[in-house]
Ligand code: SRM
Ligand code: SRM
Ligand code: SRM
Ligand code: SRM
Ligand code: SF4
Ligand code: SF4
Ligand code: SF4
Ligand code: SF4
Ligand code: SF4
Ligand code: SF4
Ligand code: SF4
Ligand code: SF4
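Residue numbers (the working numbering), protein chains in the order written: chain A, 36 to 428; chain B, 36 to 428; chain C, 165 to 520; chain D, 165 to 520.
Quick look at the structure:
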């Protein structure tokens with residue numbers, strides 16, 4: 036038995052799904068902080084409320100982020116969590132690890148922290164859950180000397196993340212992992228020294244499946260796609276049919292653009308009408324593959340609902356090539372961020388700023404032409420602005 | 036040749052479509068006002084701008100509306116249109132007339148006005164186009180003594196109007212013409228003495244075809260519908276097939292709810308899933324008919340785009356019976372208007388008010404329960420209000 | 165000459181006095197209808213009675229002389245009964261089948277335009293324009309005449325995939341149903357109003373004028389007893405001009421019209437839809453607005469060529485996607501097409517799936 | 165004990181150091197994959213090489229002890245290679261086919277939960293809750309554990325029409341992807357915050373506090389050096405509490421969660437969608453939130469029963485209509501469901517066509 040009685044939490048050790056309570060208990064072997072975490076959490080369960088205070092700003096020298104300050108509001112009762120800060124370690128692209136690397140991470144964390152982690156945080160970081168202010172410098176020195184840096188927090192470029200992409204997926208139209216590594220390195224200063232109006236997130240998915248939810252939770256969402264024709268292997272089409280797939284019902288009838296036909300033998304696709312939604316490819320992966328002229332769609336603006344409702348990202352650049360050294364895309368991203376950085380009020384995300392200013396200033400600033408792909412439909416109202424430059428034409 | 040040279044307008048007497056210029060010219064035989072109207076219009080065509088001034092308030096004794104004051108901004112040049120007011124005569128339900136009645140209307144108008152009309156104005160009135168302030172009382176006496184009243188203008192109940200409905204349409208689920216007559220009589224005072232925050236329009240259509248565009252341009256849109264099953268005459272289904280109709284392609288495949296099947300012989304409808312869109316009935320009128328448990332859907336809020344964009348009306352009451360003497364529906368309409376009248380700022384239409392206040396206060400004021408039929412989809416954001424009364428439950 | 169005694173609040177005469185006997189008898193008992201030709205149809209009652217309708221176009225502006233002519237025709241062929249449609253056409257209500265052909269013959273002789281029934285273009289909803297409205301930024305009747313001369317056959321004979329509802333609004337007040345039309349024209353300004361400062365103080369209430377601006381582009385200039393317009397914020401709606409005459413929004417050389425498409429009112433198959441911007445600006449070119457007419461014809465004929473049977477313009481566009489609409493029609497996509505007004509959020513594309 | 169020398173701005177280590185050799189060799193050259201069981205799949209490269217994946221659930225909160233155990237397993241069966249998914253599952257990357265069954269056996273023995281691949285439920289995206297966040301209005305890990313115990317089979321075996329993505333957000337900041345989830349829980353307050361007036365002056369900047377309120381519900385009370393909240397306007401977002409600690413939004417007895425449904429992130433077939441409100445409120449009932457779990461199960465099973473193959477929850481609801489969703493699930497429709505926020509306009513029904 037631990038330091039505190041935890042009848043309610045104990046209830047959550049029952050049942051087949053892996054239990055976070057068991058994890059908390061395991062950590063008590065490493066650090067007494069975990070005991071107090073457990074005790075305070077039991078109290079939360081009993082009283083139906085949290086006991087954490089607003090974070091004062093804590094961090095490591097020369098960095099403005101990467102650590103979230105957290106203090107118990109009842110430190111007398113639970114002194115072990117009087118300080119209980121989280122440390123965000125920048126994960127690898129695609130969350131690939133070796134046992135060796137993870138053990139090293141654990142060793143250091145056991146030494147300085149609670150023994151608790153989040154694998155991973157919602158933004159992507161490897162999150163170390165609970166340490167004290169005085170340990171922060173040591174933790175940073177230990178990790179950074181071994182090649183691991185802090186992730187990000189505050190009004191900064193946030194830790195970019197991506198889907199597994201070319202690492203283990205046949206549909207990756209772009210190298211999500213390599214690009215994410217590139218862009219993370221490119222924005223090191225902006226990640227570690229918050230100087231933006233607010234947070235800025237970049238997420239990269241290899242195709243329209245969007246396995247990293249880029250379109251829903253990144254200020255800049257990069258999604259792989261192609262421009263030419265879907266590649267078809269008719270022999271495999273036949274195999275699917277032979278194995279009993281209802282190709283008409285499951286594929287053709289669900290194609291949103293009605294651009295496919297199946298005559299019982301072959302599938303034909305009118306690629307001009309295809310919107311590259313990925314449905315047919317996903318459900319017939321042996322027979323259908325993305326085209327070969329690959330690149331990405333760049334979207335901007337997604338965010339959580341505070342204050343005027345959630346946003347999904349909006350298409351900004353329908354197609355851009357994404358080959359190393361990523362010059363064009365990096366320039367575009369810089370131009371986009373520069374416009375936001377110069378124009379936004381404090382705590383204004385880029386999506387919110389676009390809602391206030393309209394798309395035009397951003398398109399002009401980043402030298403992106405207006406194209407119908409940017410809209411679901413054109414405007415409805417007859418109230419539109421004209422610039423002097425429009426009259427010259 | 037008329038009083039003025041009108042080379043540009045003359046151009047519009049050419050071509051097969053009936054020419055409004057010819058009408059203007061015909062009117063010059065009746066009144067010299069029409070001459071000046073023609074002359075000023077030619078000048079507008081030449082200079083690409085209008086020459087009308089804002090109306091001062093003009094009208095007939097005891098009425099606050101029904102006449103639109105209009106003055107030329109260049110009366111010295113075109114003295115015949117120095118005053119050129121329009122008189123709105125309340126049309127009949129369904130725009131039915133006899134030759135006798137129309138001739139009477141023409142006779143009086145020739146006597147006092149320009150000889151020009153609009154058959155009809157966009158709201159529905161029979162519009163008499165162009166007279167002087169001093170003639171207004173006479174015009175009113177002549178028409179009203181013969182049983183015709185003025186229509187409406189200003190911040191008032193506007194002249195209600197409707198589709199032909201039971202008068203000549205097999206799909207009318209409600210008696211649009213009779214109800215429009217009833218509601219026009221009911222709101223005489225509100226029509227003639229503007230005392231509302233702004234205009235209020237009622238339009239009534241017999242079915243979802245909405246041949247009077249109620250849903251797009253009436254603050255209160257009444258649209259006929261039914262609750263039970265579509266009536267099917269299978270013999271007529273067969274007739275359509277025999278005559279070569281592609282029932283599968285034209286009807287079944289276009290049914291939005293996929294609730295119809297056709298086996299080559301009979302049509303079967305899963306009426307619970309039918310949303311009563313009218314497509315199948317409209318395209319197979321001999322075979323399919325609306326059900327027998329008829330009534331109307333009441334929607335509110337449509338308006339033109341000034342200031343924050345156009346609105347289409349929103350469903351308020353999914354189904355209400357509409358049989359004479361129309362007690363329940365009349366009470367509901369009164370409650371709806373009363374809420375608006377009590378709550379709106381000047382020049383705030385009911386749709387705009389709902390956007391500011393939300394639907395709830397209106398539903399509560401008019402004693403209408405919240406039902407899913409009122410929404411396309413529930414809210415997205417997690418920011419919703421609670422009233423004390425919600426906690427009692 | 166003594167005037168007859170006025171009555172008040174009597175409302176319109178009751179409709180039933182104006183119904184032909186066959187309608188009165190079969191009121192609410194109609195069973196089905198058949199479209200016989202593009203301009204004629206018959207409605208058949210439960211009991212077998214029939215009413216024939218002959219529809220003729222009207223320029224909506226009618227002189228009393230023309231109304232009298234219509235009355236004569238209705239007496240000759242329809243026992244004096246007739247009606248107007250909600251789109252301002254004239255409907256002759258013929259009870260006697262034998263009178264249809266003679267009526268059609270006389271209409272032809274008198275150069276009436278018969279048609280507009282079924283899957284084609286009917287009359288164009290439009291409002292006052294330069295004929296009678298101070299707010300007008302184009303002439304409605306003029307554009308309608310010019311376009312219908314060109315689209316004439318789509319009223320009288322040619323079939324389309326479904327009805328195509330056209331409209332013209334002479335300013336952004338949009339007194340017609342432009343905002344939900346298949347193809348429509350709406351007149352727009354493109355520059356901020358000019359101010360006759362000397363008269364503002366005399367003729368306008370400054371607070372009302374400032375308050376009239378939906379974008380808060382107007383601020384008072386108390387020193388000179390006038391107002392100042394921030395041109396960056398002005399979206400040329402003309403509201404200020406309506407409340408304060410010395411503010412002039414008319415700029416004949418810069419004014420013109422926009423073309424909007426894809427609206428729909430009926431609930432058949434798909435929900436009613438707003439019209440959306442297709443062409444942000446074409447100059448006013450009276451008397452025949454050739455570029456406007458061409459643009460409308462191009463859109464109409466692209467629709468006619470590509471849409472499926474029963475598809476309205478908006479349904480067709482939504483099926484193929486707006487990016488295909490711009491491609492097929494060859495219309496240029498501009499900054500103005502991208503919504504930046506109150507409801508831009510729901511019109512921007514939030515999907516990785518679209519056509520190139 | 166001397167610390168090693170710190171480095172700055174080095175970024176994360178390059179990913180390629182952590183890729184199994186077969187992945188390195190076939191990077192970007194994968195041809196297809198096959199789902200072998202609900203917890204295993206194989207990816208096959210152009211040249212025929214294969215990588216097997218075994219997926220195991222994780223509570224996301226992992227102790228270093230558990231991470232070490234996972235490391236041991238990965239060394240035993242995967243040459244030390246492993247990864248985590250974007251939904252926080254553990255993926256063992258097996259190069260040697262022969263090691264799959266032994267791995268599965270050992271995972272079973274150690275009570276790991278294997279599954280989550282293909283058309284079923286995967287791990288639940290969730291965030292800190294009472295475990296670590298000051299803003300939390302419920303506990304995320306607790307709800308997740310309670311619901312996944314109940315929905316366990318949908319992770320390990322049972323098929324659904326398509327993937328069903330679940331999420332829990334512990335406050336309206338929504339650090340997960342709740343706003344686009346098939347079924348999700350978001351914690352909400354229902355009453356305006358209370359104010360400890362005595363401390364506001366000491367601890368808060370009044371203008372910042374006033375400015376923090378999105379609905380302008382807060383005004384200063386300079387006399388008493390505090391602020392006043394207009395309860396009518398407050399929508400309980402908690403923003404003021406974040407900037408000013410003496411304002412307390414927590415009301416344990418009135419707090420709880422809402423359930424939202426029908427969101428989607430992928431662009432397959434239909435556009436990504438926001439989740440919409442299904443149930444506006446259920447009380448916090450730790451440790452097992454039985455009503456929340458029941459409600460989610462009801463929605464899930466109604467979907468499983470009625471949706472077509474490949475239809476996501478939101479696609480199913482949009483096909484049948486929200487009115488049918490409420491009918492089929494038996495969920496009560498309330499005032500709270502009707503949008504009255506910034507974008508209500510586009511969510512109200514503007515059509516005469518709907519189901520009763
Ligand atoms: C740790 C993490 C949740 C988790 O358990 O995974 C997290 C935790 C917090 N988020 Fe978050 N957010 C986390 C990912 C997100 C995401 C998802 C994402 O990044 O993909 C979102 C939604 C996307 C977005 O950015 O809009 C998110 C939207 C917010 C917001 C709302 C921002 C907005 O503009 O609407 C806030 C509020 C704020 O910034 O003041 C917020 C604020 C917070 C704070 C800092 C609130 C606070 O002061 O306590 C939380 C710190 C909790 C703690 O105890 O550490 N968090 N936050 C995630 C970061 C871990 C990581 O670095 O990997
Ligand atoms: C005559 C008519 C157009 C026509 O040629 O048919 C008309 C003409 C005027 N309308 Fe209208 N509106 C007419 C139907 C409409 C409609 C359509 C309808 O009623 O079905 C609308 C759109 C629906 C709506 O109400 O929103 C309409 C929306 C407006 C608006 C915008 C109102 C708004 O809330 O957005 C204004 C501006 C205003 O009220 O200040 C307006 C204002 C005006 C004024 C009074 C502007 C003015 O001060 O000059 C116009 C008088 C012109 C004149 O010379 O008589 N008119 N107006 C229509 C009335 C005839 C009749 O009584 O039958
Ligand atoms: C006479 C009139 C009603 C009146 O009270 O005056 C009328 C009469 C009929 N309409 Fe209509 N509609 C009339 C205006 C409308 C309007 C309003 C408008 O255009 O402003 C609409 C809504 C338009 C829209 O959706 O944008 C309208 C949408 C329909 C529809 C739906 C078409 C569709 O598929 O979306 C039908 C059904 C059909 O055509 O199959 C219909 C069908 C009919 C039928 C067949 C109904 C019947 O059984 O009698 C009538 C003859 C059809 C025809 O003209 O082709 N009527 N109809 C109106 C004639 C206007 C004109 O002169 O052309
Ligand atoms: C491993 C992972 C990527 C990663 O970098 O970690 C991944 C991997 C795969 N995804 Fe995914 N997806 C992963 C998160 C996602 C997400 C993001 C999320 O859930 O937050 C999405 C978007 C969800 C949404 O739309 O709401 C996602 C939507 C898809 C879809 C689209 C399904 C649909 O019909 O809408 C497919 C295609 C399919 O399943 O047919 C797909 C397909 C796949 C394939 C088959 C791709 C491939 O060929 O390798 C992979 C195995 C599928 C499986 O798990 O059933 N993946 N996938 C993520 C596993 C998370 C987990 O632990 O379960
Ligand atoms: S987003 Fe596309 S490329 Fe990336 S893992 Fe998912 S399916 Fe593969
Ligand atoms: S990717 Fe989507 S749109 Fe293209 S063919 Fe396949 S299912 Fe159709
Ligand atoms: S709205 Fe319906 S009832 Fe009225 S005329 Fe049109 S089709 Fe007939
Ligand atoms: S009325 Fe519409 S929804 Fe109902 S069966 Fe006919 S086509 Fe289908
Ligand atoms: S649309 Fe404008 S210009 Fe035309 S009648 Fe209406 S208010 Fe006048
Ligand atoms: S035209 Fe409209 S937007 Fe411009 S200043 Fe006047 S009222 Fe404001
Ligand atoms: S959702 Fe709210 S409570 Fe949960 S981690 Fe994010 S900020 Fe904290
Ligand atoms: S909880 Fe939100 S809405 Fe309520 S007063 Fe605080 S900031 Fe304003």
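From the three backbone atoms N, C-alpha and C, an ideal C-beta is built for every residue, glycine too.
| field | Residues bridged to residue 384 of chain C [DSSP beta-bridge criterion] | value | C/391
| query | How is residue 66 of chain A classed by DSSP in three states: helix, strand or coil? | reply | coil
| request: Measure the alpha-carbon distance for residue 413 of chain A versus residue 485 of chain C and round it to whole angstroms. | output: 11 angstroms
| message | Could you check whether the Cβ of residue 154 of chain A sits closer than 8 angstroms to any heavy atom belonging to ligand 1? | response | no
| Once you ignore the five residues that flank residue 519 of chain D on each side, which residues in its own chain have a CB closer than 7 angstroms to its CB? | 485, 487 and 488
| field | Reference residue 104 of chain A, options A/227, A/40, A/299 and A/117, closest by Cα | value | A/117
| Cross-chain neighbours of residue 516 of chain C in chain D, by beta carbon under 7 angstroms | 431
| field | Nearest-angstrom Cα separation, counted from residue 295 of chain B out to residue 226 of chain A | value | 58 angstroms
| request: Please say whether residue 436 of chain C and residue 388 of chain B have beta carbons closer to each other than 9 angstroms? | output: no
| What distance in whole Å lies between the Cβ atoms of residue 333 of chain B and residue 257 of chain B, which are believed to be in contact at a cut-off of 8 angstroms? | 6 angstroms
| field | Cross-strand partners of residue 94 of chain B (DSSP beta bridge) | value | Beta-bridge pairing links residue 94 of chain B to no other residue.
| query | What is the residue span of the beta strand (DSSP E) that residue 207 of chain D lies within? | reply | 204 to 209
| query | Does the region 49 to 65 of chain B come close enough to the region 471 to 479 of chain C that 3 or more CB-CB pairs lie under 8 angstroms? | reply | no
| task | Thinking residue 247 of chain D and residue 214 of chain A are a contact (beta carbons under 8 angstroms), I'd like their distance in whole angstroms, please. | result | 18 angstroms between Cβ atoms; not a contact.
| field | Exposure of residue 500 of chain C, with buried meaning 16 or more beta-carbon neighbours within 10 Å | value | buried
| request: Give the residues of chain D in contact with residue 114 of chain A, contact being defined as C-beta atoms less than 9 angstroms apart. | output: Under the 9 angstroms cutoff, chain D gives no residues; its nearest Cβ is about 17 angstroms from residue 114 of chain A.
| Can a CB atom of chain D be found closer than 9 angstroms to the CB of residue 260 of chain B? | yes
| field | chain B contacts from the region 390 to 404 of chain D (Cβ-Cβ distance under 8 angstroms) | value | 399, 400 and 401
| query | Below 8 angstroms, can you find three or more Cβ-Cβ pairs linking the region 78 to 90 of chain B to the region 157 to 175 of chain B? | reply | no
| At a Cβ cut of 8 angstroms, what residues of the region 495 to 513 of chain D count as close to chain B, listed as they run along the chain? | 497, 498, 499, 500, 501, 502, 503, 504, 505, 506, 507, 508, 509, 510, 511, 512 and 513
| query | Quick one: Cα of residue 354 of chain D to Cα of residue 464 of chain C, how far? | reply | 53 angstroms
| query | Do the CB positions of residue 133 of chain A and residue 276 of chain D come within less than 9 angstroms of each other? | reply | no
| request: Measure the Cβ-Cβ separation of residue 259 of chain A and residue 338 of chain A and say whether it is below 9 angstroms. | output: no
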